[in-house]
Amino acid sequence: MTVSAELIVLHTTKVGENSLVIHTLSREYGRRSFLVRGVGKKSAMSLFLPMNVVEADITESSRSTLFTAKNIVSRHSLVGIRNSVSKNSITLFLSEVLYRTVKDGAMEQGLFEWCEKNILLLDAMESDFSNFHIRFLLELTVVLGFSPATDDFLPFAHDHIAVLDRFLKASFSESMLIPLSGPLRNALAEEILRYIEYHIESSLNVNSLRVLRELFG
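Every letter in the sequence shown is one number past the one before it in numbering that gives the first Met the number 0, and letter 215, counting from 1, is 214.
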């Protein structure tokens with residue numbers, strides 16, 4: 000059985016010389032991994048950059064839980080992201096957070112649509128996106144069903160609770176203009192991640208946060 004599906008790429012794992020396992024989000028399968036054969040060229044690998052949205056034919060198998068993806072094409076060019084070191088670094092962070100937060104096999108209603116909307120929004124932004132990952136993390140807590148109030152962050156961010164309250168009450172455009180120093184922005188990201196860790200009862204160890212510290216610190 001073959002099904003056409005749109006996939007958001009979160010992570011890849013090389014298998015042998017010319018194959019990949021791509022770890023993805025989709026409407027149809029939720030958080031799931033697929034085997035892609037015949038990936039050897041650098042141009043082909045560009046399809047699987049973090050947070051790329053692709054369309055693929057998924058071949059399901061009754062003999063294996065690892066389905067195969069083929070005939071893969073890009074859904075969006077994301078030129079605005081791929082031509083920006085800063086935006087690329089943000090998508091690396093977002094993809095790692097999703098990869099580590101959403102467990103394999105999970106079906107989170109609306110998560111794919113929300114992620115795709117945010118990818119296209121970041122791609123289109125020309126300036127004032129240094130706070131994007133902070134807003135993304137806060138919205139992610141809502142999409143995952145935690146729906147925090149300001150006081151819920153007190154155990155994790157008591158020194159910065161006023162800033163988090165401002166983010167929670169601001170519109171998207173307002174939140175992009177909240178003035179933050181590099182160290183404060185980094186601290187907020189770490190504190191929201193600790194809140195998420197508490198609720199999923201798992202340590203995230205998001206390595207790409209270090210890259211954002213260097214960029215926006």
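Just so it is clear, CB atoms sit at the ideal spot from N, CA and C, and this is done for glycine as well. All values reported here derive from a predicted model rather than from experimental measurement.
For residue i, count the other beta carbons within 10 Å of its own beta carbon; 16 or more makes it buried, fewer makes it exposed. Which is it?
i, result
"ARG165", "exposed"
"SER86", "The question names Ser, but residue 86 is Lys in the sequence shown. Per the 10 Å Cβ criterion, buried."
"LEU50", "According to the sequence displayed, residue 50 carries Met and not Leu. It counts as buried."
"HIS22", "buried"
"ARG209", "exposed"
"PHE171", "exposed"
"LEU211", "buried"
"GLU125", "exposed"
Taking the alpha carbon of residue i as the reference point, which residue from the options has its own alpha carbon closest?
i, options, result
"GLU16", "LEU91, VAL35 and SER3", "VAL35"
"GLY181", "HIS132, PHE47 and THR1", "HIS132"
"PRO154", "LEU119, ARG193, SER170 and LYS116", "ARG193"
"LEU65", "ARG31, TYR98 and VAL53", "ARG31"
"ALA148", "LYS168, SER126, GLU190 and GLY37", "LYS168"
"ASP151", "TYR197, VAL205 and ASN82", "TYR197"
"GLU138", "SER126, GLY109, GLU125 and ASP127", "GLY109"
"LEU183", "GLU107, ASP158, TYR98 and THR140", "ASP158"
"GLU200", "VAL101, SER174, MET175 and GLU115", "VAL101"
"THR58", "MET0, SER25 and TYR98", "MET0"
"LEU136", "ASP103, ASN70 and ASN185", "ASN185"
"ARG134", "ILE71, GLY104, ASN204 and GLU173", "GLU173"
"ILE177", "PHE111, SER129 and ASN204", "SER129"
What is the residue span of the beta strand (DSSP E) that residue i lies within?
i, result
"THR58", "52-58"
"GLY29", "29-36"
"THR149", "No beta strand (DSSP E) contains THR149, which DSSP labels as neither H nor E."
"SER73", "66-73"
"ILE177", "Segment: none, ILE177 is in no beta strand (DSSP E) and carries neither H nor E."
"LEU163", "From DSSP, LEU163 is part of no beta strand (DSSP E) but of the alpha helix (DSSP H) over 160-168."
Ends of the alpha helix (DSSP H) at residue i?
i, result
"ALA4", "No alpha helix (DSSP H) holds ALA4; the beta strand (DSSP E) holding it covers 1-14."
"ILE118", "110-123"
"ASN185", "181-199"
"SER88", "84-100"
Enumerate in chain order the residues of its own chain whose CB-to-CB distance from residue i is below 7 Å, with the five nearest sequence positions on each side excluded.
i, result
"SER207", "LEU91, PHE92 and GLU95"
"LEU214", "SER85 and SER88"
Leaving out five residues before and five after residue i in sequence, what residues of the same chain have Cβ atoms less than 6 Å from its Cβ?
i, result
"ALA156", "LEU163 and GLU190"
"ALA105", "GLY29 and ARG30"
"VAL69", "In the sequence on display, residue 69 carries Lys and not Val. Once the five neighbours on either side are set aside, the close Cβ partners of LYS69 are ASP56."
Ignore the nearest five residues each way along the sequence and tell me which others in residue i's own chain have a CB closer than 8 Å to its CB.
i, result
"ALA123", "GLY79"
"VAL14", "VAL20 and LEU34"
"THR67", "PHE33, LEU34, VAL35, ARG36, ILE57, THR58 and SER60"
Within 7 Å of any Cβ in chain C, is that where the Cβ of residue i sits?
i, result
"ALA123", "Note that chain C does not occur in the displayed structure, where there is just one protein chain."
Would you say the beta carbon of residue i comes nearer than 6 Å to a heavy atom of the ligand SAM?
i, result
"ARG209", "In the structure on display, the ligand SAM does not appear, and there are no ligands present to speak of."
Less than 8 Å between the CB atoms is what I'm expecting for residue i and residue j, so what's the real figure, rounded?
i, j, result
"GLU54", "SER3", "7 Å"
"VAL52", "HIS75", "5 Å"
"LEU46", "SER73", "6 Å"
"VAL142", "GLU107", "7 Å"
"LEU203", "ARG99", "5 Å"
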